[in-house]
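Numbering (UniProt numbering), first residue to last: 1 to 242.
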């Protein structure tokens with residue numbers, strides 16, 4: 001049990017540093033995690049010895065080069081499995097498509113295939129979007145019972161103009177329609193349609209992003225069907241990689 005706690009604390013430190021922009025003082029990490037400063041100092045010292053963090057001259061710590069190596073390899077392996085599906089999907093739809101995972105109450109973009117159009121949408125892989133205000137997030141939430149959704153929402157802050165009841169009604173529509181919408185919620189003039197992807201390494205959503213002028217309601221059904229087909233292909237690829 002102690003070993004599991006140590007591993008969890010080490011991961012908590014790395015994730016906290018990421019949330020602080022990749023650079024932080026050990027005392028700030030300790031305060032954020034409510035863990036004694038000597039314990040945090042011991043953890044970051046061990047991480048520094050393995051190259052996962054680097055101590056700067058001003059006594060702050062930065063995420064280290066060993067993480068870059070791990071991330072590069074993870075991205076490479078993920079790309080072998082899913083990128084061909086995303087590339088084909090982007091070509092079929094003529095728009096940018098994204099795959100996002102649900103982690104720590106937010107959605108994180110993990111892969112993307114961009115449109116070849118001159119006017120196209122672009123999202124940085126690794127960027128986070130709120131689970132309540134993104135197509136991929138609502139596609140994931142819609143697979144959960146309301147009780148679980150409430151538990152997640154207890155940990156996030158909804159914008160003042162979005163009530164919990166309104167979000168739950170939106171999720172009910174998602175379940176009925178088989179897809180979720182981000183209708184200019186993240187960016188004015190941009191609409192995203194998303195579906196849930198079963199069998200992913202983490203709860204996942206697959207979305208297409210487009211200017212509103214190119215993705216109107218009359219296209220929702222056909223686009224959703226195309227996304228579901230791609231989601232099934234991803235599911236089979238993940239199953240075959242085990």
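Beta carbons: idealized from backbone N, C-alpha and C, even for Gly.
Please read all numbers here as calculations on a predicted model, not as lab measurements.
Sequence-distant residues of the same chain with beta carbon closer than 7 angstroms to residue i, five excluded per side
i	result
residue 183	191
residue 92	226
Proximal residues to residue i (C-beta, below 8 angstroms), its chain only, five neighbours per side dropped
i	result
residue 198	231 and 235
residue 132	138, 141, 153, 156, 158, 162 and 167
residue 16	24, 29, 32 and 33
Counted within 10 angstroms of its Cβ, other Cβ atoms place residue i as buried (16 or more) or exposed
i	result
residue 111	buried
residue 205	buried
residue 151	exposed
residue 185	buried
Proximity to residue i [Cα-Cα], best of the options
i	options	result
residue 176	142, 162 and 17	142
Collapsed DSSP secondary structure at residue i in the structure displayed
i	result
residue 249	Residue 249 lies beyond the range of the chain shown here (1 to 242); nothing can be said about it.
residue 130	strand
residue 136	helix
residue 125	coil
residue 197	strand
residue 38	helix
residue 9	helix
Those residues which DSSP pairs with residue i across a bridge
i	result
residue 101	108 and 204
residue 96	209
residue 239	For residue 239, which the question treats as bridged, DSSP gives no partner whatsoever.
residue 280	In the structure as shown, the chain begins at 1 and stops at 242. Residue 280 is therefore absent and cannot be evaluated.
residue 61	24 and 55
residue 113	97
Beta-carbon contacts of residue i that lie in its chain and below 6 angstroms, excluding the five residues immediately before and after
i	result
residue 85	230, 233 and 234
residue 128	106 and 108
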